[in-house]
Amino acid sequence: MQNLIRHAARLLPWLLILTSCRGGDAIPTDTPAPAPTPKPPVYALIVKEKTNPYMLKMYEGFAAACEEIGAVPIFEGPDAYTADAQIQIIEHLVGAHSVDAIAVAANDADALEPSLQAAMAAGISVLSLDSSVNPSSRMTHIQQASPELIGRVLIQAAWSMIDGRGKVGLISSTPHATNQNLWISWMLKEIEENPLKYRDFELLPVLYGDDEPDKSTEAALLLLRAHSDLKAIITPSVVGMLAVGRVLKNRPFGVVFTGLGLPSEIAPFVRSGHCPWMYLWNPIDIGYLAAWSAHALHTDEITGAVGDILPAGRLGQRFVTVSADGGTEILLGDPVKFDSNNIGEWELVY
Ligand code: RAM
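Structure, rendered in structure tokens:
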């Protein structure tokens, strides 16, 4: 169906030309009309917010893949982490018929559903990356790493850092972010399923820094003020990580932090011992994989169904598999642990 709509849309200009020629200005039969130059496909990346360094790294990979493919990349995103602003962007792109595929990192999965469904109905290939949209609003999702693994390793890391005993704060991004919420649900499961191991480990209620430096700083200060016996902070947001690191650096040593951070930003805190280790994956590769997937969907090489195989440039062949939310996904790999041994190598990359 996607195909049919897309091809019909492509044929429309030709039909119009042919109909307008029927009147009198007939093209001489011995002069063949020049063949139209094929237009390169246009793929848009819509991020959660435009200045987040993680989002900029995703676009770096997205643009690089588009160059290899011969596609035109577009970088879109709101100035604040709101679903409303993302909906406006999607509606504008659909209304202008200006893109062939949209890859979106959702600020709210439910809120984006109507606009993304309208995009697909208009023949645009839709996929999500980083923070997923609902299965019914996408053709597939680019999954950075197993959400279960991410949630469990973060709790296990904090547990090891404080020898299993004491209070641990949790600063997330926005309350509607599907990726952070899923990771947090696995953090809680890790504790629930291992009551003996975590008997002296107290995870405090989640605070939201909204992926904003000031709000994340406030959340960290609030935790420190409210709990003089705080031992550690976990933050599954790169913006939150930098904010927490800066707060802890200006205080007497005592509280450690871990989470999902950019090596380029967190390296000084790994070296100082404030962040003994942390995790992430390559955000450039996420964007790169998203662009190749957008291309495979647009050219009908895949439909986004389980079992589909696609070429992904330097990442090789990738597979569409079933996702925990009932939709499908394409997995990048495992979360990477960054500590004093490898941080120096990666801080120059992302
Ligand atoms: C934040 C964003 C993003 C997340 C990273 C780890 O900047 O919320 O969605 O994947 O952190």
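Last residue of the sequence shown: number 356 in my numbering, and the count goes up by one each step with no gaps. For each residue, glycine too, the CB sits at the ideal point set by N, CA and C. In this text, all values refer to a predicted model and were calculated from it rather than measured experimentally.
Check	Outcome
CB of Y214 within 8 Å of CB of S178, strictly	yes
Contact belief for L51 with A296 at Cβ below 8 Å, rounded distance in angstroms	7 Å
Chain-order list of residues whose beta-carbon lies under 7 Å from that of V326 (same chain, five-residue window excluded)	T146, I308, G310, A311, V312, G313, D314, T334 and I336
C-beta atoms of A359 and N140 nearer than 8 Å	No answer is possible for residue 359: the residues shown for the chain start at 7 and end at 356.
Of the listed residues L209, Q186 and L188, nearest to I197 (C-alpha basis)	L209
Secondary structure of K343, DSSP reduced to three states	strand
Host alpha helix (DSSP H) of E82 (start-end)	First-last for E82: V78 to E82, but that is the beta strand (DSSP E), not the alpha helix (DSSP H).
Entirely enclosed beta strand (DSSP E) segments - the stretch 149 to 204, minimum 3 residues	172 to 178
Sequence-distant residues of its chain with Cβ nearer than 8 Å to R28 (five each side left out)	Interpretation of R28 is limited by its pLDDT of 41, a score under 50 that renders its predicted location unreliable; the figure taken from the coordinates is listed afterwards. Here the set comprises nothing.
Neighbourhood of A32 by C-beta distance below 6 Å, restricted to the same chain and skipping five residues each side	Here A32 scores only 45 on pLDDT, less than 50, and its place in the model should not be relied on; the value that follows carries that caveat. Cβ within range, chain order: n/a, list empty.
Close-in-space but distant-in-sequence residues of the same chain around V78 (CB under 6 Å, 5 per side omitted)	P46 and V48
D1 burial status per 10 Å Cβ neighbour count (16 or more: buried)	Residue 1 lies beyond the residue range present for the chain, which begins at 7 and ends at 356; the question has no answer from this structure.
Reduced DSSP secondary structure (H/G/I, E/B, other) of G350	helix
Rounded C-alpha distance that separates I292 from L338	7 Å
beta-carbon P219 near ligand 1 non-hydrogen atom, thresh 7 Å	no
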